[in-house]
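**Q**
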Amino acid sequence: MATDTFLVHVGVYPSVALANDDYGLVRDLFAEADLVDAYDAAVVERQPDGTVAIVQRYETPTRAGGVLGGGLGLATGLVVALFPFAAIGGGLLVTTTAGGALLGALAGHAAAGLSRRDLMELGEHLDTGQAGLIVVAGSAMGAPVEQAMKRAAKLEVRPLRADPAQIKQDVAATGVGMA
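Numbering (the numbering used here), first residue to last: 87 to 265.
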């Protein structure tokens, strides 16, 4: 199994506006480096009822994201692993059985690439704020991503190991989003 090492950056913010500002900085960072296909990101917001909604996301179109999974990738998979009943915008993330299988596959890869302790700590970390920004990127971009997430009240970084070929195979097996 040929695994790649990614870094998961989890920033906790007192507001969605601040998380969105850093999301923009991360987007600009990768655009300026001509690496727009090298990261996944999601801004999440804690709702008044305690649930979590994905309010903005970017998934790498050439990995397990847009081309393979209908616009979903490791960042969304990690959100689902941390918060199984996450919503995107106003709707529940899982709307079909096949969509659920796709999300399950991505969440499984995101969760399997982290230790159980890391997964638990990241979830607890996000529970402390109103909003969060999750960025999954190659380890070479670790320091620049951390600098771009400068508005975070708290920032945690964990290694995530994933096999892009296996993710592609598992996503293809769901039959969702295939081009």
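Just so you know, even glycine gets a beta-carbon here, dropped at the ideal spot from N, CA and C.
(1) Quick check: the Cα distance between residue 165 and residue 145, rounded to an integer number of angstroms?
(2) Is it buried or exposed, residue 238, if we count other Cβ atoms within 10 angstroms and call 16 or more buried?
(3) Short of 8 angstroms in beta carbon distance, which residues of its chain neighbour residue 108, apart from the five on each side in sequence? Order them along the chain.
(4) For residue 229, which residues from the same chain have a beta carbon less than 6 angstroms from its beta carbon, with the 5 sequence-adjacent residues on both sides left out?
(5) From what residue to what residue does the alpha helix (DSSP H) around residue 113 run?
(6) DSSP three-state label for residue 230, please.
(7) Does the distance from the CB of residue 129 to the CB of residue 141 come in under 7 angstroms?
(8) According to the neighbour-count rule (16 or more other Cβ atoms, all chains shown, within 10 Å of its Cβ), is residue 247 buried or exposed?
(9) Among 241, 212, 221, whose alpha-carbon lies nearest the alpha-carbon of residue 132?
(10) For residue 225, collect the residues of the same chain with a Cβ closer than 6 angstroms to its Cβ; drop the 5 residues on either side in sequence, then sort them by chain order.
**A** Taking the structure as given:
(1) 13 angstroms
(2) buried
(3) 97, 99, 219, 234, 235, 236, 237, 238
(4) none
(5) 102–118
(6) helix
(7) yes
(8) exposed
(9) 212
(10) 91, 93
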